Amino acid sequence: TLLAMILISSSLFAMGMKESDPAAVTVRILTTMNQNGQVTLVARSADNQDLTFQAGSYTDASYAIASLSAGDYVEVVLDNNKAMNIRYINPLVTLGVLPYSISMERATELESLTDRFSYTYGYLLIQSFSSQGLFFDAGYYVKGALDGYKDSMSEVPQGYFNLEELYANVNEYQEKVWNAGLANTDYGKSYQSISEVSSLPKPEDLSDAFSYTYGYLLALNMAGQGITVNGDLYAQGALDYACDNQLLMNDAEMQVAFTEYQQILEEEYQKWIAEIAVTNLAEAEAFLAQNAANEGVVTTASGLQYQVLTPATGVKPVLTDTVEVNYQLQLIDGTLVESSYDMGQTAHFPVSGLIEGFTEALLTMNTGSVLRTWIHPSLGYGEMGTETILPNALLIFDIELVGIDK
């Protein structure tokens with residue numbers, strides 16, 4: 292142990308045992324989260340205040356930021372929640388040179404991530420609306436949230452309004468209240484707990500009905516967005532913000548809960564995307580293998596398939612041309628993604644600036660012709676996909692070559 296202490300002592304000079312920056316705050320790290328190269332740290336100061344800050348390429352650090360972990364002591368200089376300087380002082384604390392002992396005990400009694408996120412999400416959601424000048428009756432908003440959550444789990448809705456009535460409430464409020472500048476500017480009567488609002492009767496006042504509706508629809512839609520919450524804690528978080536109640540979590544704990552949950556959702560999404568890419572590729576190749584045997588379908592060396600629907604004898608474009616086309620894009624399940632016909636006007640594209648399969652199809656066409664082409668994912672958007680097209684999706688284009696631009 293003595294030898295270890297000697298080695299630690301000597302390492303202090305290697306790290307740079309210098310005086311503290313006067314602007315530095317001594318903290319103990321509670322948790323770290325790394326997203327795309329930016330590290331978010333939640334830490335507790337010597338005066339028991341929790342704070343959240345980011346560290347990145349702009350941070351001057353005496354220790355590898357990515358190696359920092361829960362329990363480490365550091366001195367940090369902050370500028371608007373960005374760590375401009377981090378000094379690693381664990382060895383100094385271990386030796387007793389710096390006599391710090393900061394507890395890592397969690398302040399909140401909410402244990403599971405689901406519970407902590409539920410409370411956080413309810414709190415932050417209604418907070419975000421207030422920053423936009425949108426206020427509700429606290430009781431009816433929370434009553435709506437409770438009912439919406441229950442109905443999201445039930446096949447038989449029990450809420451006060453059906454969907455048609457809910458959307459009518461929103462439209463009527465916008466027309467008669469919001470647009471007239473008569474909207475709520477506070478949260479009305481205060482409540483301490485959700486048990487106080489759970490028995491509120493069906494709202495008769497338009498503002499109360501709107502508050503109920505907004506709370507209901509937000510909670511109802513969470514399940515469809517893949518967000519799993521504890522409905523009571525979600526509602527309590529909203530109520531505590533609106534009624535300025537004592538909070539079950541501090542700001543730093545909310546930041547941690549939100550970020551950790553967000554990371555889980557991202558991991559689940561990436562896993563799903565990877566599975567979809569495999570499934571879509573298999574379906575695309577099976578479809579193309581069967582489609583190749585259909586009458587009139589031509590398969591090129593690249594794997595592109597096309598069928599001439601309307602022949603013509605006009606000029607063919609070359610790679611350097613810009614063409615005028617009508618087109619329609621569908622997926623293998625018949626989903627219509629995009630159509631120039633629906634837009635009411637033709638499109639103009641440089642032949643060389645399109646996905647490989649579309650370009651190859653154009654180069655086979657005569658002006659005035661129409662063809663249908665089936666584009667293998669490797670000739671389309673591939674494993675990356677787009678915002679509207681999943682990875683490795685088979686693309687089915689109907690293309691009409693209207694003309695070649697001069």
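Numbers in this note's numbering are just positions in the sequence shown, counted from 1, shifted up by 291. Cβ atoms here follow ideal geometry from the backbone N, Cα and C, with glycine treated the same way. In this text the structure is predicted, and so the values were computed from the model without any measurement.
Distance CB(residue i)-CB(residue j) smaller than 9 Å
| i | j | result |
| --- | --- | --- |
| glutamate 544 | threonine 405 | no |
| leucine 692 | valine 599 | no |
| tyrosine 364 | asparagine 339 | no |
| alanine 533 | phenylalanine 427 | yes |
| glycine 695 | leucine 662 | What sits at residue 695 in the sequence shown is isoleucine, not glycine. The answer is no: Cβ separation not under 9 Å. |
| glycine 648 | serine 593 | yes |
| asparagine 376 | valine 384 | no |
| leucine 595 | isoleucine 666 | yes |
| serine 498 | alanine 529 | no |
Alpha-carbon spacing of residue i relative to residue j, whole angstroms
| i | j | result |
| --- | --- | --- |
| threonine 650 | isoleucine 567 | 26 Å |
| asparagine 536 | tyrosine 525 | 14 Å |
| alanine 305 | serine 419 | Model confidence at alanine 305 stands at a pLDDT of 43, short of 50, so the residue's coordinates are unreliable; what they give is reported in the following sentence. Those two C-alpha atoms are separated by around 47 Å. |
| glycine 307 | serine 392 | Residue placement at glycine 307 cannot be trusted, given a pLDDT of 41 that sits under 50; what the coordinates show is reported in the next sentence. Using only the alpha carbons, I get a separation of about 22 Å. |
| threonine 679 | glycine 671 | 13 Å |
| lysine 738 | aspartate 351 | One cannot answer for residue 738 here, as it falls past the ends of the chain, which runs 292 to 697. |
| glutamate 495 | glutamine 553 | 38 Å |
| tryptophan 469 | arginine 407 | 33 Å |
| alanine 577 | valine 569 | 12 Å |
| valine 447 | asparagine 453 | 11 Å |
| serine 301 | serine 360 | With a pLDDT of only 42 at serine 301, under the threshold of 50, the placement of this residue in the model should not be trusted; the figure read from the coordinates follows. If I take the Cα positions, the gap works out to 23 Å. |
| methionine 296 | leucine 389 | Here the model assigns methionine 296 a pLDDT of 40, short of 50, so the residue's position is not dependable, and the following value carries that caveat. Each residue's Cα considered, the two are about 15 Å apart. |
| leucine 627 | leucine 369 | 51 Å |
| glutamine 546 | glycine 413 | 13 Å |
| valine 614 | leucine 579 | 27 Å |
Bridge partner(s) assigned by DSSP for residue i
| i | result |
| --- | --- |
| aspartate 370 | Lys373 |
| tyrosine 364 | Arg319 |
| methionine 540 | In DSSP, methionine 540 forms no bridge with anything. |
| serine 336 | Val318 |
| histidine 639 | Glu615 |
| threonine 331 | Met324, Gln345 |
| valine 661 | Thr601, Glu691 |
| valine 588 | The partner list for valine 588 (beta bridge, DSSP) is empty, contrary to what the question assumes. |
| leucine 622 | Leu686 |
| glutamine 561 | DSSP, once it has assigned bridges, lists no residue as partnering glutamine 561. |
| serine 630 | Gln619 |
| glutamine 596 | Thr590, Trp665 |
Closest residue to residue i among the options (Cα-Cα distance)
| i | options | result |
| --- | --- | --- |
| serine 486 | Ser498, Thr519, Asp438, Asn512 | Asp438 |
| glycine 676 | Ser660, Met634, Gly594, Leu572 | Leu572 |
| valine 316 | Thr322, Ser358, Ala374, Tyr507 | Ala374 |
| serine 409 | Leu579, Met540, Phe344, Leu359 | Met540 |
| serine 445 | Ala514, Ala398, Ala638 | Ala514 |
| asparagine 371 | Arg397, Phe344, Glu551 | Phe344 |
| proline 608 | Glu551, Val368, His639 | His639 |
| glycine 424 | Leu383, Pro668, Pro390, Gly472 | Gly472 |
| tyrosine 431 | Ser403, Glu366, Leu508, Tyr379 | Leu508 |
| isoleucine 356 | Leu369, Leu342, Val368, Leu332 | Leu332 |
| isoleucine 320 | Asp312, Arg378, Asn460 | Arg378 |
| asparagine 325 | Glu557, Gly625, Asp612 | Glu557 |
| asparagine 512 | Leu530, Asp442, Ala575, Tyr632 | Asp442 |
| valine 589 | Tyr632, Thr664, Ser484 | Thr664 |
| glutamate 400 | Leu538, Arg335, Asp523, Leu359 | Leu538 |
| glutamine 561 | Asn521, Val461, Asp523, Glu674 | Glu674 |
| valine 318 | Ser394, Gly522, Leu579, Thr519 | Ser394 |
* Between the stretch 614-629 and the stretch 684-697, are three or more C-beta pairs nearer than 8 Å? -> Flag = yes, the stretch 614-629 and the stretch 684-697 touch.
* To do: Spell out a yes or no on whether the stretch 637-657 and the stretch 589-599 are touching, meaning 3 or more CB-CB pairs, one atom from each, closer than 8 Å.
  => yes
* Asked: Is the stretch 502-517 touching the stretch 435-455, taking contact as three or more C-beta pairs under 8 Å?
  -> Three or more pairs of CB atoms, one per stretch, sit closer than 8 Å, so the stretch 502-517 contacts the stretch 435-455.
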